[in-house]
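Reading through the C-alpha cells given below for one structure.
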Amino acid sequence: MRRQFLLVIFIIFASLCFYTIYAQAQYRPSLYYGSTGEDVSLVQQKLRDWGYYDGPIDGYYGGSTYEAVRLFQQKNGLRIDGVVGESTWQALGEAVKPVIYTKTSGISQNDDIYLLSQLISAEARAEPLEGQVAVGAVILNRIQSAAFPNTLAGVVFQPLAFEPVSNGTIYRSPVQESVRAAQLALNGWDPTYGALYFWNPNTATSRWIWSRTPVTTIGKHVFAR
Numbered sequence: 001m002r003r004q005f006l007l008v009i010f011i012i013f014a015s016l017c018f019y020t021i022y023a024q025a026q027y028r029p030s031l032y033y034g035s036t037g038e039d040v041s042l043v044q045q046k047l048r049d050w051g052y053y054d055g056p057i058d059g060y061y062g063g064s065t066y067e068a069v070r071l072f073q074q075k076n077g078l079r080i081d082g083v084v085g086e087s088t089w090q091a092l093g094e095a096v097k098p099v100i101y102t103k104t105s106g107i108s109q110n111d112d113i114y115l116l117s118q119l120i121s122a123e124a125r126a127e128p129l130e131g132q133v134a135v136g137a138v139i140l141n142r143i144q145s146a147a148f149p150n151t152l153a154g155v156v157f158q159p160l161a162f163e164p165v166s167n168g169t170i171y172r173s174p175v176q177e178s179v180r181a182a183q184l185a186l187n188g189w190d191p192t193y194g195a196l197y198f199w200n201p202n203t204a205t206s207r208w209i210w211s212r213t214p215v216t217t218i219g220k221h222v223f224a225r
C-alpha cells in the first residue's frame, strides 16, 4: 500500500515538473509590420532594454518597432528584413516553434504562396487573372531588387508599401483565383517585364509614383520600373 502511495506521489510530481517545463517553453509566432499582441510587446520591451527602441510598449508593430528590429538585425548579423522570424527570435533569446512543411495539393497558411495570394486578393481580386499575376510578379521582383527587403514577408510588410497591410484587408482569406495567380507568379510568369511598382491611376494619390517609368497597363493598374 505504501509503495502504491509513493508511486502516485511520484507520478503527480513528475507531471507537475513536465507541465512547468512545457509552460516555460513558450513558442513565438513570426511578427510583421501591423502585428499586434503580447509577443509584439515582448519584442518592444527587449529592444528598449537593449537600447534599440525608445517608443511605447503598446503591442503594435508600427514603424518605430520595424526600424528598431531592422537595427537589431543589422547589429547582430541577421537578415535585415524587419520581420521577427525564427533567427531574430533566437537572437532575442526566445524559443521558436519550428514550422513543419508538408507538400500537399492544397495551400497552408505557413506557405509563401498563401501570403502572396492574400496580398494579390486584397489588391487585385477584381482584376483579370493576368492582372492578378502581375501584382504577384511585382512583389517577387522587389525581392530580387537591392532597393527592397529580400524576403517575401519583408516586402509585403514593409511599412506603408501596401494599403491592404495598413487597413488590415490582407488578413482576409484569398479568393481561389488569387491563389492560382500566386502559383503562376511563383512559377515564373511575369506579365510586367520586371516592374517594381503598380498603381491605379484613378485612385492613386502619390505624386511621386507618377515619376516612375511605365512598362505596361493591365486591367486598371499601371506597372512601372
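26 is the number that UniProt numbering gives to position 26 of the sequence shown; each next residue is one higher, with no gaps. Even for Gly, the Cβ is constructed at its ideal location relative to N, Cα and C.
Query: Give the single residue among Ser121, Gly51 and Gln183 whose Cα lies nearest to the Cα of Phe162.; Result: Ser121
Query: In terms of residues, what are the limits of the alpha helix (DSSP H) holding Tyr114?; Result: Asp112 to Ala124
Query: Measuring alpha carbon to alpha carbon, tell me which residue in Tyr33, Gln73, Arg48 and Ile113 is nearest Arg180.; Result: Ile113
Query: Looking at Ala182 and Leu116, is the spacing between their C-beta atoms short of 8 Å?; Result: yes
Query: Which of the three DSSP states, helix, strand or coil, is assigned to Pro174?; Result: coil
Query: Tell me the start and end of each unbroken alpha helix (DSSP H) in the UniProt domain "Peptidoglycan binding-like" (36–92) that is at least 4 residues and wholly inside, in chain order.; Result: 38–49, 63–75 and 86–91
Query: Could you check which residue in Val155, Gln118, Asn167 and Arg142 has the C-alpha nearest to that of residue 226?; Result: Because residue 226 is not part of the residues shown, which for the chain are 1 to 225, the question remains open.
Query: How should Ser35 be labelled, buried or exposed, when 16 other C-beta atoms within 10 angstroms of its C-beta is the threshold for buried?; Result: buried
Query: Taking the alpha-carbon positions, what's the Gln208 to His221 distance?; Result: The amino acid at residue 208 is misidentified as Gln; the sequence shows Trp. So the alpha carbons of these two residues sit roughly 16 Å apart.
Query: Rounding to the nearest angstrom, what Cα-Cα distance links Val133 and Gly77 in this structure?; Result: 34 Å
Query: Would you kindly work out how many angstroms separate the C-alpha atoms of Val165 and Val156, rounded to a whole number?; Result: 8 Å
Query: Could you tell me the boundaries of the beta strand (DSSP E) in which Ala224 lies?; Result: His221 to Ala224
Query: In whole angstroms, what is the alpha-carbon distance linking Arg225 and Gly82?; Result: 24 Å
Query: For Glu94 and Pro56, what's the separation of their Cα atoms in angstroms?; Result: 21 Å
Query: Terminal residues of the continuous beta strand (DSSP E) containing Ile218?; Result: Pro214 to Ile218
Query: When we look at the beta-carbon of Gly136 and count the other beta-carbons within 10 Å, is it buried (16 or more) or exposed?; Result: buried
Query: In this structure, does DSSP put Leu129 in helix, strand or coil?; Result: helix
Query: If you scan the region 137–200 from start to end, which runs of the beta strand (DSSP E) of 3 or more residues do you find wholly inside it?; Result: 197–199
Query: Using a Cβ-Cβ cut-off of 7 Å (strictly less than) and excluding sequence neighbours within five positions of Asp39, which residues of its own chain qualify?; Result: Arg28, Pro29 and Leu31
Query: Which value, in whole angstroms, describes the spacing of the CA atoms of Asn200 and Asp49?; Result: 43 Å
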